[in-house]
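Undergrad: Sending over a structure as structure tokens; questions will come in a sec.
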Amino acid sequence: MIVRLNTDLAAGILGLAFAALLWLPREEMGRLSIVFPRAMIILTVLVALALVVKAFVKPAERQIEIEGSPLRLVIAIAILFAWWYAIGLIGFLMATAIAFFGFTWFLARIEMSVSARRLIMWVPIMALLIGVFYVAFTEVLSVRLPTGSIWS
Amino acid sequence: MEMFFQALMSILTFEGLLTILVGVTAGLFIGSLPGLTATMALAVLLPFTFTMSPLQGLMALGAVYMGSIYGGAFTAILINTPGTPSSIATTFDGYPMARQGKAYEALVAATIASVVGGIVGVAFLLLLAPPLARLAVVFGPAEMFWVAMLGLTLVASLSSGSLLKGLLGGCFGILLSTIGVSPVGGETRFNFGIPALQGGIELIVALIGLFVVPEVLSMASQGRGALPESGKLEGGVGIAFRKMSRHIFGKPVNLIRSCIIGQIIAIIPGAGGNVTSLVAYNEAKRFSGKPDSFGKGNVDGVVASESSNNVMVAGSMVPLLTLGIPGAPADAIILGVLLMHGLRPGIDLFTETGVLTNGFVLSMGFAALFLLPVGLLGGRLIHRVVVKTPFYFMLPSIVMVTILGTYALRNSFLDVGLMLLLGTIGYFLRLIGIRAAPIVLGLILGIIAENGYVQTMLISIADPIPWLGLVENPLSKVLVALVLLSAATSLLPSWLERSGRMAKTTPDENPDRVNPKEEGKP
Amino acid sequence: MKITTTQWVVSLSILAALVVPGVAAAQQYPEQPITYTIPFDPGGISDTTARFQEPHLEEILGTDVNVSHRPGGGGAVAWSQFQSGAEPTGYEMIGVNIPHIIAQPIMRNNAGYETDNWEIVSFYHFTPTALIVSEDSPFETLDELVAFAQENPGVVTLAGSGSYSGSHLDVLRLEREAGIDLTYVPFSGTGPLPAALQGNHVSGLLDYTMLGVQMEDTGRVLAVSSEERVPALPDVPTFREQGYDIVGGAYRGVAVPKGTPDEVITKLEDAFAETNERITEQQEPLGFVMTNITGEEADEIIGELETAYQPILEDVQEE
Chain A
76 MIVRLNTDLA
86 AGILGLAFAA
96 LLWLPREEMG
106 RLSIVFPRAM
116 IILTVLVALA
126 LVVKAFVKPA
136 ERQIEIEGSP
146 LRLVIAIAIL
156 FAWWYAIGLI
166 GFLMATAIAF
176 FGFTWFLARI
186 EMSVSARRLI
196 MWVPIMALLI
206 GVFYVAFTEV
216 LSVRLPTGSI
226 WS
Chain B
101 MEMFFQALMS
111 ILTFEGLLTI
121 LVGVTAGLFI
131 GSLPGLTATM
141 ALAVLLPFTF
151 TMSPLQGLMA
161 LGAVYMGSIY
171 GGAFTAILIN
181 TPGTPSSIAT
191 TFDGYPMARQ
201 GKAYEALVAA
211 TIASVVGGIV
221 GVAFLLLLAP
231 PLARLAVVFG
241 PAEMFWVAML
251 GLTLVASLSS
261 GSLLKGLLGG
271 CFGILLSTIG
281 VSPVGGETRF
291 NFGIPALQGG
301 IELIVALIGL
311 FVVPEVLSMA
321 SQGRGALPES
331 GKLEGGVGIA
341 FRKMSRHIFG
351 KPVNLIRSCI
361 IGQIIAIIPG
371 AGGNVTSLVA
381 YNEAKRFSGK
391 PDSFGKGNVD
401 GVVASESSNN
411 VMVAGSMVPL
421 LTLGIPGAPA
431 DAIILGVLLM
441 HGLRPGIDLF
451 TETGVLTNGF
461 VLSMGFAALF
471 LLPVGLLGGR
481 LIHRVVVKTP
491 FYFMLPSIVM
501 VTILGTYALR
511 NSFLDVGLML
521 LLGTIGYFLR
531 LIGIRAAPIV
541 LGLILGIIAE
551 NGYVQTMLIS
561 IADPIPWLGL
571 VENPLSKVLV
581 ALVLLSAATS
591 LLPSWLERSG
601 RMAKTTPDEN
611 PDRVNPKEEG
621 KP
Chain C
15 MKITTTQWVV
25 SLSILAALVV
35 PGVAAAQQYP
45 EQPITYTIPF
55 DPGGISDTTA
65 RFQEPHLEEI
75 LGTDVNVSHR
85 PGGGGAVAWS
95 QFQSGAEPTG
105 YEMIGVNIPH
115 IIAQPIMRNN
125 AGYETDNWEI
135 VSFYHFTPTA
145 LIVSEDSPFE
155 TLDELVAFAQ
165 ENPGVVTLAG
175 SGSYSGSHLD
185 VLRLEREAGI
195 DLTYVPFSGT
205 GPLPAALQGN
215 HVSGLLDYTM
225 LGVQMEDTGR
235 VLAVSSEERV
245 PALPDVPTFR
255 EQGYDIVGGA
265 YRGVAVPKGT
275 PDEVITKLED
285 AFAETNERIT
295 EQQEPLGFVM
305 TNITGEEADE
315 IIGELETAYQ
325 PILEDVQEE
């Protein structure tokens, strides 16, 4: 998909927005803590303004191209965040089992129709994959993975 | 000398060699997982070394360190994800090579470069430690500020599109680095009322997010795997090895230059391996006959990055063993182990307790040698797995490992969310021409620059004009000159080129993605 | 299909093991592995000490003790998380450090935790600070340094690790005690300090005694901030001996959530006391002072230091 967008202008506005985000909620802070960030915020604003000016004088690209399907992009982003949210809710193992399965199914459908038999065949492969990493992290690296907040 | 041979003999036993082999392999796998850094590899394996004799324990740690720095190259080349921060620069050309079906060649080149780098570092350490160590203490806060500035001139070559957008990315990175507790002053900044943000944005969290997530998202939206399936080996290990060694040793200037850069940066305390590979890459590009080919799969970029970061492993031991100054983050753990065994850093370390020290240093050399077989075989295995795995298994696996690695870094659930958020934003930033590399560079150097700047201001607080402290020492002046020189040589050509040939540069705005035409091959 | 079934069983049992939380009773404590969180980076002093303790604790308690790291914000990230989320079962404990847990809640508008919202099991370490100058420094004694600083306010620069850490607070106290004006330069941790001194970037270091021991050959230790001389540095006089009432530094300890059963705390106290005895031989030469401060005594120390630090910190805040 090709979207018409002046990329210089977009980058410039983004820079200004980010600078504003850090500039506005200024709490009381000692000089030593704020001198460097403030200098950097000013620098960011200057660069962003330069980009905005350039956007009108000599713009670089007026369009951006999202390769592939934008719908799939949005769904993929949603899956990532849902996965993360679910880990906090129902624990790493269960969330990953569900998200892994769902993500795989979603991706596989791009290329082929997924039969029920194939879905069942995936289960041991995924259980092995998830199990190996789970055991490696919890047992060998002794990382305590989230077990989920709704169980307790 | 006697102690040197005594140490050599104790390594050249079955047990000694086995320890190193196991250490290298373990390090390699941990290092290749995004999020699991060399520091973590060492920390995890530390308890195991308590059960060993001091020498064996140190040998194991040296081997793990060497292996994990090298392991970062695997994921950098195969899935565009630096396994450790020290292999960021490896992605620039390694991944494009992989996309062109030359993944194994890139892996072989990285392996050869790492082996040479590792051995060169050990040689420097054994022969030149005392004079090099003297150089380490010259770098005070003011000098560190200029080192960071010198590093920031890299933005010019990392942005490879619009320079202004590269600068903006660098600013974003620096601003991100200021979130959390201020290094001087100890106050919380920009935490938006979330106590957990006091920890700031960890470099590796941003690194994983900005490199992995955009790649995963674009693979998902395009419905493709990381590597073209046609990317098979031609003729196996032997041919690739011969071809790459002929290329690397045929014109060894790049290799030599990268090794020297690696050693110099390794002894600057606090700069560490995160920057070495970027600087070496930048110089390789600057001195190359065809700088335009960098970022599009030039094997010299991989060689520069991987040789310099492996020099750093033994190289950063110079200030550590002689002065007790850890040059890279992972060195702090080595220092702890040395102290635990009653080894106090100092020149005496090489004479009084020479067997242990020499044994430790030599074991890193052997570890570097072992990278060759382990890397060539392991690389082939991992390469085959990555190419053969259908992309609908590959993507969820990458995401799972990324989540695990990010979580394990600080046992922080918030970090995982930050990683995903930064990555998603990074995807859209990439669309409008702001790439990940300048942001990460800003994040690395922002902390160094701020510390250097504010500390200098404090130290010269009693002077009439405090900021003159920044240019007081002779070395500071040299560094200022270098910054100006570097800025001039890297900015001018790109400016000239851009103003003169607008049309030609536009297709290269985003070298992360290979030309659509090439990709469409069946 | 045989493999499939086995895998199912394996994955289901892994799931089951995770979903059902351990319903352990306090009587048989400990029945499951204990998580020991270190709020700092791996490789730091707190971490290395925890790794010394780990095998002994495991042996005494008869269960696994897993050291895990949650660094960030000078410890505050882990502490805020611990106070808001840890279960008072005795299976979660965390390393705590004075002065961090006193200074951070005072200095930050939202540190996310409170100084005393947990039960201190034990402070097992006391680490005094040491004033170190380089070998070729013009200052032979503490008095010379103080005299010079009196005439040249702000010129003497002392580096240490972190802001509002043990080093920073002791510099502030030295300023008050001697009526002088010093400049404190915080560095990120102990690592870069030796280089700062040897490269003559600062006039001296005020950091933990371990550094004094480590730098014995390259520097000169002028004073230590303990009540009595430190065993590893027998020739160095204390601040008190030289007429400055500065006794302080850092305490390292371990805490469990409020509401943890008393039997559990007693058991942990004993385990740490025993561990301390076993590791003294390895730890003292490094410059630590071993302590075993438990129960009310621990709360008293926190209270005392809180009243000592509060005015100093508030002074700084107003500046």
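Residue numbers (the numbering used here), protein chains in the order written: chain A, 76 to 227; chain B, 101 to 622; chain C, 15 to 333.
Ideal placement from N, C-alpha and C gives every residue a C-beta, glycine not left out.
At a Cβ threshold of 7 Å, is Thr62/C touching chain A?
TA: So no, Thr62/C is outside the interface.
Undergrad: Hey, is Ala38/C's beta-carbon within less than 7 Å of any beta-carbon in chain A?
TA: Unreliable placement is indicated for Ala38/C, whose pLDDT of 43 sits below 50; no coordinate value is reported for it.
Undergrad: What does Ser282/B reach in chain A if we use C-beta pairs closer than 9 Å?
TA: Within 9 Å Cβ-Cβ: Met104, Gly105, Leu107, Ser108, Ile109, Phe111, Pro112.
Undergrad: Output the distance between the C-alpha atoms of Val120/A and Gly266/B, rounded to the nearest integer angstrom.
TA: About 14 Å.
Undergrad: Quick check on DSSP: helix, strand or coil for Arg601/B?
TA: With a pLDDT of 49 at Arg601/B, under the threshold of 50, the predicted position of this residue should be treated as unreliable, and no value is reported.
Undergrad: Can you give the beta carbon distance from Gly397/B to Met197/B, rounded, assuming they're within the 8 Å contact cut?
TA: Sure, about 4 Å apart at Cβ, within 8 Å.
Undergrad: Assign Ser153/B to one of two classes, buried (16 or more other C-beta atoms within 10 Å of its C-beta) or exposed (fewer than that).
TA: Answer is exposed; the Cβ neighbour count stays below 16.
Undergrad: For Val580/B, does the three-state DSSP call read helix, strand or coil?
TA: In the structure shown, Val580/B sits in a helix (DSSP, three-state: H, G or I).
Undergrad: On the three-state DSSP scale, how would you describe Val37/C?
TA: Caution applies to Val37/C, whose pLDDT of 41 falls short of 50 and renders its modelled position unreliable; the value that the coordinates give is listed next. Coil at Val37/C, not helix or strand.
Undergrad: Does the beta carbon of Ser217/A come closer than 7 Å to any beta carbon on chain C?
TA: Chain C contact via Cβ: present.
Undergrad: Could you check if Val222/B is buried or exposed, using at least 16 other CB atoms within 10 Å of its CB as the buried criterion?
TA: Its Cβ being crowded by 16 or more others within 10 Å, Val222/B is buried.
Undergrad: For Gly293/B, count the other beta carbons within 10 Å of its own beta carbon; 16 or more makes it buried, fewer makes it exposed. Which is it?
TA: Exposed, by the Cβ-count rule.
Undergrad: Is Gly285/B helix, strand or coil by DSSP?
TA: Correct three-state label for Gly285/B: coil.
Undergrad: Quick check: the Cα distance between Gln95/C and His114/C, rounded to an integer number of angstroms?
TA: Approximately 16 Å, taken between the alpha carbons.
Undergrad: What residue does the alpha helix (DSSP H) around Met464/B start on, and which one ends it?
TA: Counting along the chain, the alpha helix (DSSP H) containing Met464/B begins and ends at 454-488.
Undergrad: Between Thr288/B and chain C, is the shortest Cβ-Cβ distance under 7 Å, so that the two count as touching?
TA: Yes, Thr288/B lies at the interface with chain C (some Cβ there is under 7 Å from its Cβ).
Undergrad: Between Ser179/C and chain A, is the shortest Cβ-Cβ distance under 7 Å, so that the two count as touching?
TA: Ser179/C does not count as touching chain A.
Undergrad: Compute the Euclidean distance between the alpha carbons of Val255/B and Leu96/A, then round it to the nearest angstrom.
TA: If you take the alpha carbons of Val255/B and Leu96/A, they lie about 24 Å apart.
Undergrad: Exposed or buried, which one is Arg510/B when buried takes at least 16 other CB atoms within 10 Å?
TA: The residue in question, Arg510/B, is buried, as its Cβ has 16 or more Cβ neighbours within 10 Å.
Undergrad: Relative to the alpha-carbon of Ile308/B, which residue among Ala242/B, Ala428/B, Pro185/B has its alpha-carbon at the smallest distance?
TA: For the residues Ala242/B, Ala428/B, Pro185/B, the minimum Cα distance to Ile308/B belongs to Pro185/B.
Undergrad: Is Arg219/A helix, strand or coil by DSSP?
TA: Of the three classes helix, strand and coil, the one that applies to Arg219/A here is coil, per DSSP.
Undergrad: At the 7 Å Cβ level, is Asp231/C part of the contact set with chain B, yes or no?
TA: So, interface residue.
Undergrad: Taking the alpha-carbon positions, what's the Ala92/A to Met115/A distance?
TA: C-alpha separation (whole angstroms): 14 Å.
Undergrad: Run through the DSSP bridge pairs and tell me what Gln228/C is partnered with.
TA: Paired residue(s): none; Gln228/C is not in a bridge.
Undergrad: Which residues in the same chain as Phe290/B place their Cβ atom closer than 6 Å to its Cβ, once the five residues preceding and following it in sequence are excluded?
TA: Contacts found: Ile279.
Undergrad: Check whether the region 225-233 of chain C touches the region 200-215 of chain C, taking contact to mean three or more Cβ pairs, one atom from each stretch, closer than 8 Å.
TA: Touching, yes.
Undergrad: How should Met76/A be labelled, buried or exposed, when 16 other C-beta atoms within 10 angstroms of its C-beta is the threshold for buried?
TA: Counting Cβ neighbours within 10 Å, Met76/A comes out exposed, since fewer than 16 surround it.
Undergrad: Between the Cα of Glu287/B and the Cα atoms of Val268/C, Glu165/C, Gly176/C, which residue gives the shortest distance?
TA: Taking only the C-alpha atoms, the option nearest Glu287/B is Gly176/C.
Undergrad: Quick check on Asp249/C: buried or exposed, where buried means 16 or more other Cβ atoms within 10 Å of its Cβ?
TA: The residue is exposed, with fewer than 16 neighbouring Cβ atoms inside 10 Å.
Undergrad: Confirm, please, whether the CB-CB distance from Gly424/B to Gln228/C is below 7 Å.
TA: The answer is yes: Cβ separation under 7 Å.
Undergrad: Can you tell me the Cβ-Cβ gap for Met159/B and Gly454/B, rounded? I've got them flagged as a contact below 8 Å.
TA: In fact, because the Cβ distance is near 15 Å, the residues do not count as touching under 8 Å.
Undergrad: How big is the Cα-Cα spacing for Ile52/C and Val330/C?
TA: Going from the Cα of Ile52/C to the Cα of Val330/C covers about 29 Å.
Undergrad: Sort Trp246/B, Phe450/B, Arg324/B by Cα distance to Pro490/B and report the nearest one.
TA: Out of Trp246/B, Phe450/B, Arg324/B, Arg324/B has the C-alpha closest to the C-alpha of Pro490/B.
Undergrad: Along chain A, which residues have their Cβ under 8 Å away from the Cβ of Ser82/C?
TA: Ordered by position in chain A, the residues that pass the 8 Å Cβ test against Ser82/C are Ser217, Val218, Arg219.
Undergrad: Can you check which of these residues, Val170/C, Gly226/C, Ser239/C, is closest to Gly263/C by C-alpha distance?
TA: Comparing Cα-Cα distances from Gly263/C to each of Val170/C, Gly226/C, Ser239/C, the minimum goes to Ser239/C.
Undergrad: So Leu423/B contacts chain C; which residues on that side make the cut at Cβ distance below 8 Å?
TA: The answer, in chain order, is Pro208, Ala209, Gln212, Thr232.
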